[in-house]
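Novice: Just so it is clear: in the sequence shown, position 20 is 20 by the UniProt record's numbering, and no numbers are missing.
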Amino acid sequence: MAKTESFRASLDKQPHEVASMFDGVAERYDLTNTVISAGQDRYWRWATRRALGLRPGERVLDLAAGTGVSTLEFGKSGAYCVASDFSKGMLEAGRHRRVPMVAGDATALPFADEVFDAVTISYGLRNVSESDAALREMLRVTKPGGRLVVAEFSTPVFGPFRTVYMEYLMRALPRVARAVSSNPDAYVYLAESIRAWPNQRQLALRIADAGWSAVQWRNLTGGIVALHRAYKLQ
Ligand SMILES: C[S@@+](CC[C@H](N)C(=O)[O-])C[C@H]1O[C@@H](n2cnc3c(N)ncnc32)[C@H](O)[C@@H]1O
Numbered sequence: 001m002a003k004t005e006s007f008r009a010s011l012d013k014q015p016h017e018v019a020s021m022f023d024g025v026a027e028r029y030d031l032t033n034t035v036i037s038a039g040q041d042r043y044w045r046w047a048t049r050r051a052l053g054l055r056p057g058e059r060v061l062d063l064a065a066g067t068g069v070s071t072l073e074f075g076k077s078g079a080y081c082v083a084s085d086f087s088k089g090m091l092e093a094g095r096h097r098r099v100p101m102v103a104g105d106a107t108a109l110p111f112a113d114e115v116f117d118a119v120t121i122s123y124g125l126r127n128v129s130e131s132d133a134a135l136r137e138m139l140r141v142t143k144p145g146g147r148l149v150v151a152e153f154s155t156p157v158f159g160p161f162r163t164v165y166m167e168y169l170m171r172a173l174p175r176v177a178r179a180v181s182s183n184p185d186a187y188v189y190l191a192e193s194i195r196a197w198p199n200q201r202q203l204a205l206r207i208a209d210a211g212w213s214a215v216q217w218r219n220l221t222g223g224i225v226a227l228h229r230a231y232k233l234q
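1. Please determine, among Glu92, Val102 and Leu220, the residue with the shortest C-alpha to C-alpha distance to Ala83.
2. Please determine whether the Cβ atom of Pro15 lies at a distance below 7 Å from any heavy atom of ligand 1.
3. Over the uninterrupted beta strand (DSSP E) stretch that includes Lys88, give me the two end residues.
4. Based on the DSSP secondary-structure assignment, which residues constitute the bridge partners of Leu31?
5. From Ala118, Gly223 and Ala204, pick the residue whose C-alpha is nearest to that of Pro160; which is it?
6. Would you mind stating whether Pro184 and Pro198 have Cβ atoms separated by less than 8 Å?
7. So is the beta-carbon of Asn183 under 7 Å away from any non-hydrogen atom of ligand 1?
8. Is any non-hydrogen atom of ligand 1 found closer than 7 Å to the C-beta of Ser37, if you look at the structure I gave you?
9. Helix, strand or coil for Pro156, going by three-state DSSP, please let me know.
10. Would Leu227 and Ile194 qualify as a contact pair, given that the criterion is a beta-carbon distance under 8 Å?
11. Since I believe Gly146 is in contact with Asp117 (beta carbons under 8 Å), could you give me their beta-carbon distance rounded to a whole number of angstroms?
12. Considering only the beta carbon of each residue, do Tyr189 and Ala9 sit closer than 8 Å?
13. Any heavy atom of ligand 1 within a distance shorter than 7 Å of the CB on Phe86?
14. What does the alpha-carbon distance come out to for the pair Pro156 and Leu72?
15. Is there contact here, the segment 202-212 with the segment 14-28, by at least three beta-carbon pairs under 8 Å?
16. Compare the beta carbon distance of Thr107 and Glu152 with 8 Å and say whether it is the shorter of the two.
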């Protein structure tokens, strides 16, 4: 699949389709995010860094890191942050950021057991075909007592706001993406995949089922995004 073709993955999220889709999005990924989220993406990344509670010198894995825009934010804490993703196009588009980057699949991570103080994944888990396997892999590479933060689109809690937001997702967002993105069809997939994704409570249960403890979540922007935090038992 050439990078310039507009192409979206199907909701069964075949890994080669997802990787190709993100290769196609990579060129204008950061700009498109800021436009379609009306600038909220910066606040969401800041809040994710706060939820991670990183300390200088800690080792952090930013999984499905794409262009490394999230990794750069987490690095402001003084922690050593590694970006990992399976889309070479996304990693390449973020090369200028000079964050350590490792190509790898979230369901078979190229890291040893218990090496990270924290692992995090922003807007990535929804795109992983076997997301439960990814949650178990993240647990494997985390030190005992270490933490997980998942930032992901979720379900707005106030009914009327949820209705307006769903309208935006299905109608306006694809049109806005057509004006900005290098792969507009990917934003139809974005809208569909958000609608099909578990709500806050359902995701918390899946995180716990993967072996994580003390799972909690916090809503951002009325629940458009939820931050789930959990710990690996000592
Ligand atoms: C929406 S982007 C998020 C990028 C970045 N974390 C951010 O906050 O902007 C989702 C990323 O998930 C990656 N991804 C999806 N499935 C993956 C998998 N199985 N292994 C590694 N990366 C994956 C894609 O390549 C893409 O870069």
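Ideal Cβ placement from N, Cα and C applies to all residues, glycine included.
Specialist: In brief:
1. Residue numbering aside, residue 83 sits at position 83 when the sequence shown is read from its first letter. Nearest C-alpha to Ala83: Val102.
2. As a working mapping, residue 15 is identified with position 15 in the sequence shown. Pro15: yes, Cβ under 7 Å from ligand 1.
3. On the sequence shown, residue 88 is found 88 positions in, with the first residue counted as 1. Per DSSP, Lys88 lies in no beta strand (DSSP E); the unbroken alpha helix (DSSP H) holding it starts and ends at Lys88 to Ala93.
4. Translated into positions along the sequence shown, residue 31 becomes position 31. Answer is none; Leu31 lacks a bridge partner.
5. Counted from its first residue, the sequence shown places residue 160 at position 160. When only C-alpha atoms are compared, the closest one is Gly223.
6. The sequence position of residue 184 within the sequence shown is 184, counting from 1. The sequence position of residue 198 within the sequence shown is 198, counting from 1. The answer is no: Cβ separation not under 8 Å.
7. In the sequence shown, residue 183 corresponds to position 183, counting from 1. Answer for Asn183: no, Cβ out of range of ligand 1.
8. Translated into positions along the sequence shown, residue 37 becomes position 37. No, the Cβ of Ser37 stays beyond 7 Å of every heavy atom of ligand 1.
9. The count along the sequence shown starts at 1 and reaches residue 156 at position 156. In the structure shown, Pro156 sits in coil (DSSP, three-state: anything other than H, G, I, E or B).
10. Counting from one through the sequence shown, the residue named residue 227 turns up at place 227. Counting from one through the sequence shown, the residue named residue 194 turns up at place 194. No, they are not a contact pair.
11. Here residue 117 refers to the residue found at position 117 when the sequence shown is read from its first residue. Here residue 146 refers to the residue found at position 146 when the sequence shown is read from its first residue. Asp117 to Gly146, Cβ: 5 Å. Contact.
12. Here the question's residue 189 lines up with position 189 in the sequence shown. Here the question's residue 9 lines up with position 9 in the sequence shown. Their beta carbons are under 8 Å apart, which means Tyr189 touches Ala9 by this criterion.
13. Along the sequence shown, read from residue 1 onward, the residue named residue 86 stands at position 86. At least one heavy atom of ligand 1 is nearer than 7 Å to the Cβ of Phe86, so yes.
14. One-based indexing of the sequence shown puts residue 156 at position 156. One-based indexing of the sequence shown puts residue 72 at position 72. Each residue's Cα considered, the two are about 28 Å apart.
15. Between the segment 202-212 and the segment 14-28, the count of C-beta pairs closer than 8 Å stays below three; the two stretches do not touch.
16. The residue labelled residue 107 in the question sits at position 107 within the sequence shown. The residue labelled residue 152 in the question sits at position 152 within the sequence shown. Result no, Cβ atoms of Thr107 and Glu152 do not sit closer than 8 Å.
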